[in-house]
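Below is one structure, written out as structure tokens; the observations come after it.
There are 2 protein chains.
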Amino acid sequence: MQSLQQKAAEWSGVATEDAFAIDETNLFQKLGLQTFINLSTNFYTRVYDDEEEWFRSIFANSNKQDAIQNQYEFFVQRMGGPPLFSQRRGHPALIGRHRPFPVTHRAAERWLHHMQQALDATTDIDDDSKIKMMNFFRHTAYFLVAGDELKNQNQQVPCKHAAGR
Amino acid sequence: MQSLQQKAAEWSGVATEDAFAIDETNLFQKLGLQTFINLSTNFYTRVYDDEEEWFRSIFANSNKQDAIQNQYEFFVQRMGGPPLFSQRRGHPALIGRHRPFPVTHRAAERWLHHMQQALDATTDIDDDSKIKMMNFFRHTAYFLVAGDELKNQNQQVPCKHAAGR
Numbered sequence: 018m019q020s021l022q023q024k025a026a027e028w029s030g031v032a033t034e035d036a037f038a039i040d041e042t043n044l045f046q047k048l049g050l051q052t053f054i055n056l057s058t059n060f061y062t063r064v065y066d067d068e069e070e071w072f073r074s075i076f077a078n079s080n081k082q083d084a085i086q087n088q089y090e091f092f093v094q095r096m097g098g099p100p101l102f103s104q105r106r107g108h109p110a111l112i113g114r115h116r117p118f119p120v121t122h123r124a125a126e127r128w129l130h131h132m133q134q135a136l137d138a139t140t141d142i143d144d145d146s147k148i149k150m151m152n153f154f155r156h157t158a159y160f161l162v163a164g165d166e167l168k169n170q171n172q173q174v175p176c177k178h179a180a181g182r
Numbered sequence: 018m019q020s021l022q023q024k025a026a027e028w029s030g031v032a033t034e035d036a037f038a039i040d041e042t043n044l045f046q047k048l049g050l051q052t053f054i055n056l057s058t059n060f061y062t063r064v065y066d067d068e069e070e071w072f073r074s075i076f077a078n079s080n081k082q083d084a085i086q087n088q089y090e091f092f093v094q095r096m097g098g099p100p101l102f103s104q105r106r107g108h109p110a111l112i113g114r115h116r117p118f119p120v121t122h123r124a125a126e127r128w129l130h131h132m133q134q135a136l137d138a139t140t141d142i143d144d145d146s147k148i149k150m151m152n153f154f155r156h157t158a159y160f161l162v163a164g165d166e167l168k169n170q171n172q173q174v175p176c177k178h179a180a181g182r
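Just so you know, the sequences run in chain order A and B.
Each residue of the first sequence is one higher than the one before, counting from 18 in our numbering.
Each residue of the second sequence is one higher than the one before, counting from 18 in our numbering.
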């Protein structure tokens with residue numbers, strides 16, 4: 018069976034080592050907290066205004082400000098800054114926390130579309146950091162698609178033989 | 018609904034801020050790689066030799082050397098060292114990766130019993146680091162118990178009304 022990271026690499030086209038090239042430099046020290054806040058604010062403004070209702074509706078039960086804070090605190094923690102996310106919410110546990118959401122290939126691509134736009138609109142991120150971050154995001158998005166598919170593995174087939182009883 | 022970290026704190030008796038006091042000092046720099054390898058080797062030697070078959074059997078399909086490497090690479094990464102785990106396997110995704118296993122309260126306590134013994138047997142870990150690590154482990158164990166319970170949330174009730182059809 019393929020592992021989560023093998024699926025993520027194959028589906029995203031980003032090798033695990035390229036995804037985690039974010040660890041080669043300290044992006045938090047390079048970019049600073051405000052840049053991460055700006056990025057997540059820009060990203061979720063696009064998401065909550067998305068003209069594609071099927072995607073926007075995934076976030077309908079989440080508060081926009083909470084979504085922004087959860088995201089930038091995770092990014093800061095993962096990209097060399099203080100562990101803001103864990104201090105407040107515990108382990109990132111990305112697959113577990115995405116469990117309520119339908120993380121399909123299509124949703125991953127829409128998420129990445131908005132993130133690319135948000136990165137491009139955040140002028141204080143240099144090109145090298147943008148490439149590193151986008152590789153990380155692309156791999157992670159498909160890592161979560163792989164994680165989402167685990168949900169189907171131990172669901173019971175409903176009442177398969179009930180009619181014959 | 019209680020969040021994962023609220024359940025983890027309540028069930029473990031360790032507040033989230035105390036669990037993540039591991040971030041106050043760089044435990045990797047303090048203890049060094051070999052100490053983490055020794056700790057995980059000691060831990061899994063106890064686990065794979067556990068006289069309690071129900072617990073030992075949880076690990077029966079995993080290779081002991083792989084289990085040791087997965088664990089110390091995660092600990093090193095989470096406690097201030099290089100991201101060894103992510104470079105090889107991607108995100109820790111603790112809840113997602115524990116999905117195949119029955120992470121019950123009883124299993125958490127047995128895991129913690131062996132980890133306490135392993136910590137006590139690893140003489141090059143100072144008492145302050147031991148307390149910090151054990152708080153982190155205790156909170157994390159119950160975080161995973163909380164994560165495990167998510168598995169039951171969207172399982173279908175099998176054939177509830179089949180008899181009446």
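Every residue, glycine too, gets a C-beta built ideally from N, C-alpha and C.
Neighbours of B:G164 across chain A, judged by C-beta separation under 8 Å: A110 and G113.
With contacts defined by Cβ atoms closer than 8 Å, B:A36 and B:F118 do not form a contacting pair.
Put simply, of A:S146, A:W128 and A:Y65 the residue whose alpha carbon is nearest the alpha carbon of A:F76 is A:Y65. With respect to the 8 Å criterion, A:A135 and A:A158 are not classified as neighbours on the basis of their beta carbons.
At least 8 Å separates the CB of A:F45 from every CB of chain B.
With three or more CB-CB distances shorter than 8 Å, the segment 109-116 of chain B counts as touching the segment 106-116 of chain A.
For B:D40, at least one C-beta of chain A is nearer than 8 Å to its own C-beta. The Cβ atoms of A:I39 and A:K149 sit closer than 8 Å to each other. DSSP places B:D141 in the coil class of the three-state scheme, outside both helix and strand. In the DSSP assignment, A:E34 falls within the alpha helix (DSSP H) that extends over T33 to A36. Secondary structure note for A:L101: its alpha helix (DSSP H) is the uninterrupted segment L101 to R106. Following the DSSP letters along the chain, one finds A:K47 inside the alpha helix (DSSP H) bounded by residues L44 to L48. Taking 8 Å as the cut-off, the beta carbon of A:L21 is found no closer than this to the beta carbon of A:G97. Exclusion of the five residues before and after B:L161 leaves L111, I112, H115, V120 and A125 as the residues of its chain whose Cβ lies within less than 8 Å of its Cβ. Judged by DSSP in its simplified three-state form, A:V120 adopts coil rather than helix or strand. Considering only beta carbons, the part of the segment 18-35 of chain A lying closer than 8 Å to chain B consists of S20, L21, Q22, A25, T33 and E34, in chain order.
With a threshold of 8 Å between beta carbons, A:G49 makes no contact with chain B.
Around the Cβ of A:D143, a 10 Å sphere holds fewer than 16 other Cβ atoms; the residue is exposed. Less than 8 Å separates the beta-carbon of A:K81 from that of A:Y61.
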